Amino acid sequence: MKKSLALIVFALFASLVLAACGKTQNQDSGQTGNKAEETKNLLEQVKADGVIKIGTEGTYAPFSYHDASGKLTGFDIEIAEEVAKRLGVKPEFIETPWDGIFAGLDSKRFDIIANQVGIRPDRQEKYDFSEPYTVSKPYLIVHADNDTIKAFEDLKGKKSAQSLTSNYKDIAESHGAKIEGVEGFNQAIDLLVSKRVDALVNDGLSFLDFKKQKPDAPVKVAAELDEPAVMGIMFRKGNEELVEAVNKALADMKDDGTYLKISQKYFEKDVSK
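In my numbering, the protein residues as written are 351 to 623.
Right under this line is the structure:
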């Protein structure tokens, strides 16, 4: 009886030891796998996943918007699609309102932003950018019957519709405008047309496309800044390999004529200069 009891106790002890060893091995294996994932830089991770996640508005024609069929399209969309193709991965667009798009990049909801992000010193302190891929002058836009605002200096004390984190908001504010926060260009135009604001400052290319689509809209350009804004694809800091790969893709697109083809499709000119 005592011998049988001893055998049972020994068997239970052995099974517990084996289970513990197996658990330790599994934990070690899992930790090794996690460490392996952590050692991959973002470019390697993107290529391993086969997908690059791209933050964009989807409401900013002609750069990022939905066409009549509902398809997401635009200049920035086609540029980003071509970049992804040259990286050997598929693009996954994640539509996000402008005022939340930087937070989306910070929280790693997406890998890059392709949405006409102005390259500015304050942003460069926190983020990395590709080489500029679009150059455009900021326009001061007013209602067609507004004859009191003829220059940026006339914005002082006037109400201007601006996305709160855009460089155009900073331009309007620097000239003394009272800022009316909006989610994007379309909302700003709606407020201007209905005369709920006095003006807005925005991208000249976007405005020209708007007037091409809606020539009878009662808005006009009052002034433009001589110093153009330069736009780049935005990255989180510390992803130099991905930045270099995207820069190479953009440079190759310009060299082989692909960039010019996309640019002429939307603007009938080269908007990189």
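C-beta atoms are modelled at their ideal positions from N, C-alpha and C, and glycine is treated no differently.
These numbers come from a predicted model, not from an experiment.
Determine, using beta carbons only, whether residue i and residue j come nearer to each other than 8 Å.
| i | j | result |
| --- | --- | --- |
| residue 483 | residue 402 | no |
| residue 533 | residue 510 | no |
| residue 578 | residue 485 | yes |
| residue 339 | residue 506 | For the chain, the structure presents residues 351 to 623; residue 339 sits outside this window and is missing. |
| residue 589 | residue 491 | no |
| residue 449 | residue 514 | yes |
| residue 543 | residue 569 | yes |
| residue 472 | residue 396 | no |
| residue 609 | residue 425 | no |
| residue 393 | residue 592 | yes |
| residue 539 | residue 488 | no |
| residue 493 | residue 545 | yes |
| residue 400 | residue 454 | no |
| residue 600 | residue 481 | yes |
How many angstroms separate the CA atom of residue i from the CA atom of residue j?
| i | j | result |
| --- | --- | --- |
| residue 410 | residue 517 | 15 Å |
| residue 585 | residue 479 | 6 Å |
| residue 508 | residue 573 | 15 Å |
| residue 527 | residue 443 | 34 Å |
| residue 560 | residue 390 | 43 Å |
| residue 536 | residue 476 | 28 Å |
| residue 598 | residue 438 | 13 Å |
| residue 566 | residue 575 | 24 Å |
| residue 558 | residue 620 | 15 Å |
| residue 571 | residue 441 | 36 Å |
| residue 416 | residue 445 | 11 Å |
| residue 612 | residue 431 | 11 Å |
| residue 499 | residue 436 | 46 Å |
| residue 421 | residue 414 | 10 Å |
| residue 457 | residue 434 | 21 Å |
| residue 428 | residue 497 | 39 Å |
| residue 581 | residue 452 | 15 Å |
| residue 423 | residue 618 | 17 Å |
| residue 495 | residue 594 | 48 Å |
| residue 503 | residue 562 | 28 Å |
| residue 419 | residue 474 | 37 Å |
| residue 547 | residue 501 | 16 Å |
| residue 623 | residue 602 | 16 Å |
| residue 524 | residue 398 | 45 Å |
| residue 587 | residue 614 | 32 Å |
| residue 447 | residue 541 | 18 Å |
| residue 459 | residue 607 | 32 Å |
In the DSSP assignment, what are the bridge partners of residue i?
| i | result |
| --- | --- |
| residue 468 | 581 |
| residue 571 | 491 |
| residue 553 | 488 |
| residue 414 | 410 |
| residue 404 | 443 and 462 |
| residue 586 | 477 |
Is there at least one non-hydrogen atom of the ligand FAD closer than 7 Å to the beta-carbon of residue i?
| i | result |
| --- | --- |
| residue 532 | Ligands in the displayed structure: none, and consequently the ligand FAD is not present. |
I want to see whether chain C comes within less than 8 Å of residue i, judged by CB atoms only; does it?
| i | result |
| --- | --- |
| residue 397 | This model lacks chain C altogether; it includes just one protein chain. |
- Query: Can you give, in chain order, each stretch of the alpha helix (DSSP H) that sits fully within the segment 472-533 and has at least 4 residues?
  - Reply: 517-524
- Item | Any 3 or more C-beta pairs closer than 8 Å across the segment 455-466 and the segment 406-423 | yes
- Query: Whole alpha helix (DSSP H) runs in the segment 416-446 with 4 or more residues, listed along the chain?
  - Reply: If we require 4 residues or more, the alpha helix (DSSP H) runs fully inside the segment 416-446 come out as 425-437.
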